[in-house]
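Residue numbers (this note's numbering): 615 to 1162.
In this text, a Cβ means the ideal position worked out from N, Cα and C, and glycines have one as well.
For clarity, every value in this text was computed on a predicted model and none was experimentally measured.
As structure tokens, then:
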């Protein structure tokens, strides 16, 4: 027998990902001596009645046939393809069409025969909305939804189908991870909207020679911005990401926005004298895909499916829904959204896990706050870095983003701590906050740590000098403190100057504090004037070159 060597990459993915089509794209430029094997195709050949009918068979029969066919595939690889790179695709889990449950036919004892031969395991994933569209085609698992003529049932059933796809993907990832662990190889989750060029680096290069990063950036807050910002930020982000992967051919970058599912819309409705909010079966705009469709691993949706509504694929008129039906749909969508949110967190942590060299965070401060998702990812990466010296973190921040956050925090402190403000005064303070955030002068001042440190009284007076913003005489909540000295009779009020000074010190401390400092090296926390600053590219080049 020929010498055994590592030459197999196992690809997994749920139905709808179309792994075989992904193989065609991954093979460009052409890989010399590539052999692709789809286990489900081999199962269909052996079963002779088609793979979809195989999914109706009892689980024991499925397991036995799977083991038999997989043994044949192993023998074929060992005997014929020792000198080839082998792409082997299989499903980690099936949706059993009779029992309507998820099952796995994988025989781990059999698959261990490949230990020492497998290079890595890669699970390919896609947005659940696109997966669902693929699976509504006639003959696919959800094809019957296209025959639904009742609007409530069409929408409700589609929501349940999307939940099923979410659970299916989760099972596929968990089982594939177990598979990689049993084979003692690296496991990757890769969205098929990533470009072929980046993932080819994982395939063509030894992992030790690669620098693998996760790109952390705000998502939800960007979607809530205007269309102008929505078109501007992704373009800047994508240019930033392209700079990273173009700087060095050994750099691999995972983009979280290649999956964008947390975008179910919530609207306000007037019901009699009450205003209520509920989720509706509509999707907010997707973030612009980081890469053009012809660059991506996945083939993309055919024109006939692109405009399909994932909540109402049969296009039934939903204008006749009753109020109770709308409320029921809203509740179901709330549940779907929460499941998506939980998977976003677990998936993004998995992407951080597989990025052995850590995080590159882009503009973590945005829209008046530090992105909660980015902060959690940075914290998680910092925890992992305690056990891995190779892991690091680079933060690229824009000064005006941080300045706007400081302005917002300043006014939030005033609104929350000045005693006796009227609702009208609170509204006026919020309006003034918006004015400051649009002022280049104020942004410049709030970008300057020294200015904030030395001029808090002047900053406060600039608010006091605007007519009707604040009462003529006012106090902060923590100015109403009695300072006790020994006995009650010795208790005295602090002097107004003393307490106001302490208030200003508290505000200053709030504005100057930055919890990111505790999770990153000083030299790796870089602040720039403009997102298009050429110094950013120079910084990235230096950072990546020094770490490869």
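On the DSSP bridge assignment, give the partners of residue 804 in chain order.
According to the DSSP secondary-structure assignment, residue 804 is paired through a beta bridge with 738.
What's the gap between the Cα of residue 1058 and the Cα of residue 1085?
One alpha carbon belongs to residue 1058, the other to residue 1085, and they sit about 28 angstroms apart.
Where residue 779 and residue 1143 are concerned, what is the direct C-alpha to C-alpha distance, given to the nearest angstrom?
In this structure, the alpha-carbon of residue 779 lies about 43 angstroms from that of residue 1143.
Take every Cβ of the stretch 926-935, pair it with every Cβ of the stretch 788-805, and state whether three or more of those distances are shorter than 8 angstroms.
The stretch 926-935 vs the stretch 788-805: no contact.
Could you tell me whether the stretch 969-988 touches the stretch 1009-1024, using the rule of 3 or more Cβ pairs below 8 angstroms?
Contact between the stretch 969-988 and the stretch 1009-1024 is present: three or more C-beta pairs spanning the two stretches fall below 8 angstroms.
Hey, residue 717 and residue 673: beta-carbon distance below 8 angstroms or not?
Taking a C-beta distance under 8 angstroms as the contact criterion, residue 717 and residue 673 qualify as a contact pair.
Spatial neighbours of residue 874 within its chain, please: CB distance less than 6 angstroms, with the 5 preceding and 5 following residues excluded, ordered by chain position.
So the list reads 900, 901, once near-sequence residues are dropped.
Say whether the stretch 1055-1073 touches the stretch 1114-1132, bearing in mind that this needs 3 or more beta-carbon pairs closer than 8 angstroms, one atom from each stretch.
Flag = yes, the stretch 1055-1073 and the stretch 1114-1132 touch.
Using the beta-carbon count (16 or more within 10 Å), is residue 1030 buried or exposed?
Exposed, because fewer than 16 other Cβ atoms sit within 10 Å of the Cβ of residue 1030.
Using the C-alpha atoms, what's the distance from residue 967 back to residue 756?
Each residue's Cα considered, the two are about 33 angstroms apart.
Using the C-alpha atoms, what's the distance from residue 710 back to residue 647?
Straight-line Cα distance between these residues: approximately 36 angstroms.
Beta carbon of residue 864, beta carbon of residue 819: below 8 angstroms?
Closer than 8 angstroms, so yes.
Span separating the alpha-carbon of residue 768 from that of residue 775:
Approximately 10 angstroms, taken between the alpha carbons.
DSSP-derived helix/strand/coil call for residue 799:
Coil at residue 799, not helix or strand.
Spell out whether any CB of chain B is found under 8 angstroms from the CB atom of residue 1028.
This model lacks chain B altogether; it includes just one protein chain.
To the nearest angstrom, how far is the alpha carbon of residue 654 from that of residue 821?
Near 29 angstroms, if we compare the C-alpha coordinates of residue 821 and residue 654.
Once you ignore the five residues that flank residue 1155 on each side, which residues in its own chain have a CB closer than 7 angstroms to its CB?
Taking C-beta separations shorter than 7 angstroms and ignoring five residues to either side along the sequence, the partners of residue 1155 in its chain run 861, following chain order.
Tell me which same chain residues have a C-beta within less than 6 angstroms of the C-beta of residue 1089, skipping the five on either side of it?
1033.
Just the C-alpha distance for residue 737 and residue 627, rounded to the nearest angstrom, thanks.
Linking residue 737 to residue 627 through their CA atoms gives a straight-line distance of about 5 angstroms.
With distances taken Cα to Cα, identify the nearest neighbour of residue 870 among 632, 846, 834.
Checking every option, the nearest Cα to that of residue 870 belongs to 834.
Which ranges would you report for the alpha helix (DSSP H) in the stretch 742-782 if only whole runs of at least 4 residues count?
Listed in chain order, the complete alpha helix (DSSP H) runs (minimum 4 residues) inside the stretch 742-782 are 742-748.
Candidates 829, 1044, 1043, 823, of which the one nearest residue 1159 by Cα:
Sorting 829, 1044, 1043, 823 by C-alpha distance to the C-alpha of residue 1159 places 823 at the top.
Using only alpha-carbon positions, find the residue among 681, 1028, 729 that is nearest to residue 1092.
Nearest option by C-alpha distance: 1028.
Note down the Cα distance separating residue 1087 from residue 1050, rounded to an integer number of angstroms.
The straight-line gap from Cα to Cα measures roughly 23 angstroms.
Residue 643 classed as buried or exposed, judged by whether at least 16 other C-beta atoms fall within 10 angstroms
Of the residues assessed, residue 643 falls on the exposed side of the cut-off, its CB having fewer than 16 other CB atoms within 10 angstroms.
On the three-pair Cβ rule with 8 angstroms, is the stretch 623-639 touching the stretch 719-737?
In this structure the stretch 623-639 lies against the stretch 719-737, because at least three pairs of beta carbons, one per stretch, are closer than 8 angstroms.
Using a 10 Å radius around the Cβ and a threshold of 16 neighbouring Cβ atoms, would you call residue 675 buried or exposed?
Exposed, since its Cβ has fewer than 16 Cβ neighbours within 10 Å.
Per-residue burial, residue 859 [other beta carbons within 10 Å of its own, 16 or more giving buried]:
Under a 10 Å Cβ-count criterion, residue 859 is classified as buried, with 16 or more other Cβ atoms of the shown protein chains found around its own Cβ.
Comparing C-alpha positions only, which one of 911, 707, 752 sits nearest to residue 721?
Ranking 911, 707, 752 by Cα distance to residue 721 puts 707 first.
Assuming residue 1133 contacts residue 993 (C-beta within less than 8 angstroms), just tell me the rounded distance between them.
The pair is a contact, with the Cβ atoms about 6 angstroms apart (cut-off 8 angstroms).
Which residue wins for smallest C-alpha separation from residue 890, given the options 944, 665, 781, 684?
Nearest C-alpha to residue 890 among 944, 665, 781, 684: 944.
Please check the pair residue 703 and residue 634, which I expect to be a contact at CB under 8 angstroms, by giving their CB distance rounded to whole angstroms.
The pair is a contact, with the Cβ atoms about 7 angstroms apart (cut-off 8 angstroms).
Express the C-alpha separation of residue 884 and residue 1081 in angstroms, rounding to a whole number.
Each residue's CA atom was taken as its position, placing residue 1081 and residue 884 some 36 angstroms apart.
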